[in-house]
Amino acid sequence: QVQLVESGGGLVQPGGSLRLSCAASGIIVSDYDMGWYRQAPGKQRELVAAITRVSSTNYADSVKGRFTISRDNAENTVYLQMNSLKPEDTAVYYCNALRRWKGDYWGQGTQVTVSS
Numbered sequence: 216q217v218q219l220v221e222s223g224g225g226l227v228q229p230g231g232s233l234r235l236s237c238a239a240s241g242i243i244v245s246d247y248d249m250g251w252y253r254q255a256p257g258k259q260r261e262l263v264a265a266i267t268r269v270s271s272t273n274y275a276d277s278v279k280g281r282f283t284i285s286r287d288n289a290e291n292t293v294y295l296q297m298n299s300l301k302p303e304d305t306a307v308y309y310c311n312a313l314r315r316w317k318g319d320y321w322g323q324g325t326q327v328t329v330s331s
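Residue numbering for the sequence shown follows this note's numbering, starting at 216 and increasing by one per position.
Below, the structure written as structure tokens:
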């Protein structure tokens, strides 16, 4: 059974930082393309950052230079370091694991609220 468990969300002031974690079981994260998505109220889910099996990364334009995705193979965990947070970063953040013909898995999400 595959599980992706996100943690690290919370309430932070503008300009602050958070680090989200996505701990995987049932899969090996380095065998999958891993992504962080977010969904704000009334908006569609959007890709924030991704790291491929060969460790290439890509980011949404809105978070470039502020967010960093990384993977710890020993911990089988993917991280999203978020700096210089803005109110518009407020959303539920979801972890995704994707590999064609093998599976497309989602975590339950973690709330990030940026507010003073």
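Here a beta-carbon is modelled for each residue, glycine too, at the ideal position from N, C-alpha and C.
With distance defined between alpha-carbon atoms, name the residue in P302, V263, D319 nearest to I284. Ranked by how close their Cα comes to the Cα of I284, the residues P302, V263, D319 have V263 in first place.
Inside the region 288 to 318 only - alpha helix (DSSP H) runs reaching at least 4 residues: Annotation: the region 288 to 318 contains no complete segment of the alpha helix (DSSP H) (minimum length 4 residues).
Rounded to the nearest angstrom, how far is the Cβ of W350 from that of L235, given a contact under 8 Å? An answer regarding residue 350 cannot be provided, because it is not within the stretch 216 to 331 covered by the chain.
Tell me whether V244 sits in a helix, a strand or coil according to DSSP, three-state version. V244 falls in the helix class under three-state DSSP.
Pairwise C-alpha distance: I266 and T272: If you take the alpha carbons of T272 and I266, they lie about 4 Å apart.
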